[in-house]
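Here the sequence shown is numbered in this note's numbering, starting from 1356 and rising by one per residue.
C-beta: ideal position from N, C-alpha, C; glycine also.
All figures in this text were calculated on a predicted structure; none of them were measured in a lab.
Just below is one structure, and these are the notes that go with it.
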Amino acid sequence: MSSAYASASPAAVASEPARWRCPECGWSYDEAQGDRDEGFAPNTRLESFPDDWSCPDCGVRDKRDFERDPEAHTACISNE
Ligand SMILES: [Zn+2]
């Protein structure tokens, strides 16, 4: 595979866009793409969602319950 990092910005690579998944229903959110249905522009971070936001699919999970999707294009992988 070729490097996914070819065009990484040299300045701050601290917070790459991540993907998040609802542990309840599997709904996923890609920070890089945003979510048009929810009104989130591309590069909107999950952490910047309103505090009262909940999963649009099942509605039972808040953003703090979401799990980081390991399939995502993340830099640091924390294996157990
Ligand atoms: Zn859900």
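Minimum Cβ-Cβ distance from residue i to chain C less than 8 Å
i, result
"GLU1371", "Among the chains of the structure shown, chain C does not appear; only one protein chain is present."
Simplified DSSP assignment, three categories, for residue i
i, result
"GLU1393", "coil"
"SER1403", "helix"
"ARG1374", "strand"
"ARG1423", "strand"
"VAL1415", "coil"
Among the options, nearest to residue i - alpha-carbon criterion
i, options, result
"ASP1406", "ALA1396, GLU1393, CYS1413 and ASP1417", "ASP1417"
"CYS1410", "TYR1384, ASP1424, ARG1423 and SER1403", "TYR1384"
"ASP1420", "GLY1381, ALA1396 and GLU1386", "GLY1381"
"TRP1408", "SER1370, GLU1371 and CYS1377", "CYS1377"
Closer than 7 Å: residue i CB and nearest ligand 3 heavy atom
i, result
"ARG1400", "Ligand 3 is not among the ligands present in this structure, which contains only ligand 1."
beta-carbon residue i near ligand 1 non-hydrogen atom, thresh 7 Å
i, result
"GLU1379", "yes"
"ASP1412", "yes"
"ARG1423", "no"
"ARG1391", "no"
"ARG1416", "yes"
"TRP1382", "yes"
Cβ pair residue i, residue j closer than 8 Å
i, j, result
"GLU1379", "VAL1415", "yes"
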